[in-house]
Each structure stands twice: as structure tokens, then as C-alpha cells.
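> Have a look at this one.
Numbering (this note's numbering), first residue to last: 2 to 659.
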């Protein structure tokens, strides 16, 4: 049956080597993307990395899960088809060439005579054939009685074409293994069984989200908290998750972490036990990074660890309230979300029990009076990091607050006061853009390690209820006239009011100090000094404090607080640490295809590079008087060893003729 021209053209395209090479180049480029760009991460990570504009575009292209994207699997399928057509097209000609022992006609004319010998034709032919066979040649002797000729063709290492088939078969085998170990079998199974992944808007797994029987292949994650037993793994697929039931139970006895001096995990391992659901066999194993457990068709890897089961008790201290004792305590776990006022949502995203750093907060940014310009006294107290030595900064936790519009602000707070220049501070980090570093608001603590002094001082400065009394008591110490006192009283009231809204930025606005201004006028300098004295008066008479340096620490920290993008601060009261061991459970039958394919590929390349076919063409011309002329024909690409073989053959013939 003759195929239509269109089908013949498509078959010709699919079976062309150039088309297959083009597909391989595309797959190589895609593999580079899959290697450089971390795959199967939460979508929030990609939003942070690429931004809101590019995120949906790259998601549409499937770059966040390249190896399971539709276009990648399609290319693999087309590549398998293309290479299969290539092999199908080449097999007949290769087999024909392997069986071909014809003496090329063009070599008959160029055959070189090696002499005539008086040896019976049959004996001469048999001797040549036996000699070549002894040297590893496959030999076929073809007599031509009409021309009184005998054609003898010997071939050695004529299986070089096997390397071609091994190399091409290797690519097919590896691609098949990749498809088997991808999501394709699981997607087909879900389609047949009418299963669907649990999306981000749902919170509870149902029958539709659980695969109970075995699947061909999958890669699942198991989260083992202390005193928990599981029999299923979570598989990320198609933008959601499903639970794949396992044929065994997994429990954890202990989880250990070995740390480097700088706080980086050196090694982490889990002591787990396995109970088979069918044989009821129970055994224990220790697994660690790069030392997985192999059990039946499964590989269980130590993937990572998490503090998601850690329970935190957090105190919320409002910044808008005037009462310093107002607290709200909440208890929640890492990863848990709680609603706040005005539609905001708070989520604890991480907890770190140890913060062993090779850096310290730089000492030069600690609040202190300036000896240069009064303006520089009010510069931000936010700290930077300077590499000095290892130190443990204690526990820290990170949380986000998402507004109803979807805007996310991230916070990172240290639980305990941190010592800098022999003074202790609470560090509260914040960043509006998740790509930025945290900016830290440093709040000084008192001798008891709490913030009571800070909030008491802050409350007296920003609470308008105290304002008339403070200004009146302060001006009683002045010897100025009543008219001047009234004028200063009004001005100080405005300055305190502006300070309670914007910190020192508000003060600068009132007395018209700009950021480009290099020097202060005499009036501006006097007003700043009066405000400083007022604040120090509150520090001394209302708080009973006298430490000047600590006064500046508190005053500048209060001003910095107006840049803090929250109406409250959070302090960690207590926590119950529970480290979760994260295991990766894989069922990968396609791995054997990849192993065999790799072996085929190596063998095929070696054969094609280092194996060269050797052919010998001997022509015996039967002459008169019992003479037989031996002629040797050679191709231009003949192996160098052929000359030695021919020389030995002629010497043997000469010896037989004597």
C-alpha cells in the first residue's frame, strides 16, 4: 500500500537525524533551566524572585516544573518517535551491509599483484581462507569459473554498526525512563480514578485527594514530627497536592542535627522504623543526607528538616494604645494563620532556635549624642552587620501580615535582648519588599531585660493626656517672662504633637529643617536644645532616670518606631520546640531504564570511536600451466595493520609454493 505524500514527508522529517538533534538541543536548554531554576517551590518564592509581572508568564511556560510540563513531555515523546524512525530506517541497510561480502568491482581494476604461485587452486584458496580465519576474519570465498577467478573477502570488527544502534537506543531508553518517573503515570492514574489535587484554598484532604493503591512512580514528601506515624506521602502535582498511600508505616524515634561552629547544619539524620502492611515485618534504620534507605521498590531519603510543629506563645504589644500594660497573648504553631483586625492575616512562617552568626551588629550605629551637628543626633538607629566573630543571638521567629488587598509585610524578631557595646537591645526586623534585607528597629531594654522603661518613656512623650502637665512642670524651672513661657508652651505642645505622629521628622518639619541643609540657624538650634531638655526632664522627673547615654538610646528608638510599619510589636514569651524530619520517598522504576540507557550510551560511543571495521580483498586469478596469481585490493580507508597481515599472508603463500 502506497502512503500519501504528506505522510511520507512527515515520516521523512521524523526519521531525519537533523530533526532529532534539534529536539535534543531544545531538551538540553530546558534541562539547563530546570537545573538553574529550583523546581517545585511554593509559588510565593517565585513571586518574590520574578515579581508579580513575570510570575504568571513563567508559570504559563511551565518553568517552575519543567520536567513535568506538557511541552517537555511532548518533546520527549516526539524525540523517542524520531529516533525510533531513524533506527527503523537504518536497520535494513545496516544488516545488509553486515551480510555483504561482495568484492567491489572498482577494486578489481586497482588490485595489486603479489606474485604467481604454482599451487593447486583449491589448496591456495583454502590456505588463504584458513589464514584469514586464524587472524579473526569472517571469510567468504566466491569462485567465478567463467573468468577463472576466485573472490575472497574477509571482514573483522564488522559489528561497529552496533555502536550506532546502542547510542540511539540509549537515548530512547533514557527518555522512556524519564517519562516513567515523571508525573505522567500519576496524572493518567488520577484521571482514570477521578482523583484531583488539593489546591491552596482547601485545607482538608478527602477521598478525591488520596490515592490508596500503588502507583507506577511518584516522588512524595513525608513530614515526621516526634511521636507520629504516617503511611502516606504528599505529592506536589498540577499546582496542588495529593496523598499517595504507602505499603508500609513509617515512624520516627529520634532526629539529630550536627552543627558547624557557624551555625550551618553539618549533617542531620533520622532514626526511623518501618512496618510492612502485608508481611508485618518491623525494622529500624538510620538515614542521613546521601545515605538513603532502600526498601523494595522505594528509596527513602533524608531531605530536610523544619520547625513547623514548634508551638509559640507570642505577646502582642500595641503601639497605638496609651496604656503600657496592655498585652494580648496568642499561641500558634509555625505555618498557622490567624485573623487580625481590619481584615489583616498574620502567619508565622518560620522559627529558628539557634542563630549562630559570624557577624555582630555594628557598634558605630548605637544611639548616642553627636559632637558634630545636632541633626546627626537623630539619625536612624537601625543597625547593619559587620563580620567579626561567631555568636549565638538566640531564638528568632518570622511572620507576615497580609492586608485585604494582598500586600505582604514580613517581620523577623529576635526573642532575647542582644548585647551591643555592653548594652542590651531587642531587635525587630521588617521589610516591605521580600527581596530586600530586613531593617531592624532596636529597642533598648532596662536592667530587668524588659521594655517597661521604653514604653513608659514613650507613653509620656506621645500621650497628649500628660502633655499639659509635662510642659507646665518643665517651664516652672525657667526664669523667662510669662509671655515667653506661653509662647514656648504653645511651640513645645506642637513639637510634642508632631513628634507623637512622625518622630523627629515631624520636629524638623515644624522648624523647617531640610535634608540638604548643612548648618542650622541659631533659632533652629535653640528650639532643638529646648526640646532635648524637655525630653530629658521627662526622663529624669517622671521616670527617675539619670543615664544620659541610655536617654538618647530610648529617645532615638522612640523616633525610629514611627517608621515601623505595624500598629503592634510581637515578643516571644515561650516556645515548645519540635523539629520535623522531612523525608523524600521515591518509587522510580524508570531509574533502571536510565542506568541501562547510560551503559548503552557509553558502550555505543566507545564502539563508534574506537572500533574500526577491517576488510581484506584477495583475488586469485587462475593462469595457464598451473599458475595462480594472487592480487590484493585495498580501500583508501583501510587499517594500518592490514599491510602487516598482507605481508605475512604473502610470506605464507611463498612458503607453501616451495
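C-beta: ideal position from N, C-alpha, C; glycine also.
Give the DSSP-derived three-state secondary structure of residue 210 in the structure shown.
Reduced to three states, the DSSP call for residue 210 is helix.
> Please name the residue in 142, 298, 280 and 92 whose C-alpha comes closest to that of residue 586.
Checked all of 142, 298, 280 and 92; the closest Cα to residue 586 is 298.
> To the nearest angstrom, report how far apart residue 260 and residue 172 are at their CA atoms.
Roughly 42 Å between the two C-alpha positions.
> Helix, strand or coil: how does DSSP classify residue 525 here?
DSSP places residue 525 in helix when its eight states are reduced to three.
> Since residue 112 and residue 632 should fall inside the 8 Å C-beta cutoff, what is the C-beta to C-beta distance between them, to a whole number of angstroms?
Their Cβ separation, rounded to whole angstroms, is 4 Å, which keeps residue 112 and residue 632 in contact under 8 Å.
> For the alpha helix (DSSP H) that residue 697 lies in, which residues bound it at each end?
Only positions 2 to 659 of the chain appear in this structure, which leaves residue 697 out of reach.
> Tell me which residue opens and which closes the alpha helix (DSSP H) that residue 194 is part of.
Element bounds for residue 194: 185-194.
> How many Å lie between residue 470 and residue 498 at the Cα?
Straight-line Cα distance between these residues: approximately 14 Å.
> Once the 5 residues before and after residue 269 are set aside, which same chain residues still bring their CB inside 6 Å of it?
These residues qualify, in order along the chain: 258 and 306.
> Let's see if you can read the secondary structure: which residues bound the beta strand (DSSP E) around residue 468?
Element bounds for residue 468: not the beta strand (DSSP E) but the alpha helix (DSSP H), 468-476.
> Note the first and the last residue of the continuous beta strand (DSSP E) segment covering residue 221.
Element bounds for residue 221: 219-225.
> Would you call the stretch 411-428 and the stretch 393-400 in contact, with 3 or more CB pairs under 8 Å?
Yes, since at least three Cβ pairs between the stretch 411-428 and the stretch 393-400 fall closer than 8 Å, the two stretches touch.
> Comparing alpha-carbon positions, which option in 588, 616, 27 and 554 lies nearest residue 671?
The requested residue 671 does not occur in the structure, where the chain is confined to residues 2 to 659.
> Would you kindly work out how many angstroms separate the C-alpha atoms of residue 101 and residue 140, rounded to a whole number?
Straight-line Cα distance between these residues: approximately 11 Å.
> Is the distance from the Cβ of residue 628 to the Cβ of residue 119 below 8 Å?
Their beta carbons are under 8 Å apart, which means residue 628 touches residue 119 by this criterion.
> Quick one: what's got a C-beta closer than 6 Å to residue 1's C-beta in the same chain, skipping five residues either side?
Given a span of 2 to 659 for the chain in the structure shown, any question on residue 1 remains unanswerable.
> Tell me the DSSP secondary structure of residue 336 in three-state form.
Correct three-state label for residue 336: coil.
> Just to check my reading of the structure: residue 644 and residue 161 have Cβ atoms closer than 8 Å, yes? What is that Cβ distance to the nearest angstrom?
At roughly 21 Å, the Cβ-Cβ gap does not stay under 8 Å, so residue 644 and residue 161 are not in contact.
> Curious, which full-length beta strand (DSSP E) runs of at least 3 residues does the stretch 585-628 contain?
As far as the stretch 585-628 is concerned, its whole beta strand (DSSP E) runs of at least 3 residues are 615-623.
> Would you check if the stretch 595-611 and the stretch 303-321 touch, i.e. whether three or more CB-CB distances between them fall below 8 Å?
At 8 Å Cβ cutoff, the stretches do not touch.
> Does the distance from the C-beta atom of residue 23 to that of residue 87 stay below 8 Å?
In this structure, residue 87 does not lie closer than 8 Å to residue 23 by Cβ.
> Apart from the five residues just before and just after residue 334, which ones in its own chain have a Cβ nearer than 6 Å to its Cβ?
So the list reads 312, once near-sequence residues are dropped.
> Can you tell me the Cα-Cα spacing of residue 215 and residue 195, whole angstroms?
Approximately 15 Å between the Cα atoms of the pair.
> If I'm right that residue 410 touches residue 427 with Cβ under 8 Å, what's the distance once you round it to whole angstroms?
No, residue 410 and residue 427 are not in contact; Cβ-Cβ is about 19 Å, not under 8 Å.
> Using only alpha-carbon positions, find the residue among 135, 168 and 236 that is nearest to residue 603.
Ranking 135, 168 and 236 by Cα distance to residue 603 puts 168 first.
> By the three-class DSSP mapping on this structure, what secondary structure does residue 110 have?
Three-state DSSP puts residue 110 in coil, outside helix and strand.
> Sorry if obvious, but does the Cβ on residue 252 come closer than 7 Å to a heavy atom of the ligand NAD?
With respect to the ligand NAD, the structure shown offers nothing to examine, as it has no ligands at all.
> For residue 1, does the three-state DSSP call read helix, strand or coil?
Only positions 2 to 659 of the chain appear in this structure, which leaves residue 1 out of reach.
> Expressed to the nearest angstrom, what Euclidean distance is found between the alpha-carbon atoms of residue 570 and residue 320?
Near 7 Å, if we compare the C-alpha coordinates of residue 320 and residue 570.
> Using the three-state DSSP reduction, which class does residue 513 fall into: helix, strand or coil?
Reduced to three states, the DSSP call for residue 513 is coil.
> Reducing DSSP to helix, strand and coil, say where residue 138 ends up.
Coil at residue 138, not helix or strand.
> Pull up the distance between the alpha-carbon of residue 71 and that of residue 234, whole angstroms please.
Between residue 71 and residue 234, the C-alpha separation is close to 24 Å.
> Is the separation between the beta-carbon of residue 590 and that of residue 181 shorter than 8 Å?
Going by C-beta atoms, residue 590 is nearer than 8 Å to residue 181.
> Contact between the stretch 196-210 and the stretch 238-251: three or more CB pairs below 8 Å?
Yes, the stretch 196-210 touches the stretch 238-251.
> So if DSSP puts residue 330 in a beta bridge, which residue, or which two residues, is it bridged to?
According to DSSP, which records beta bridges pairwise, residue 330 is partnered with 316.
> Excluding five sequence neighbours on each side, which residues of the same chain lie with their C-beta closer than 8 Å to the C-beta of residue 125?
Cβ within range, chain order: 118, 621, 629, 631, 654 and 657.
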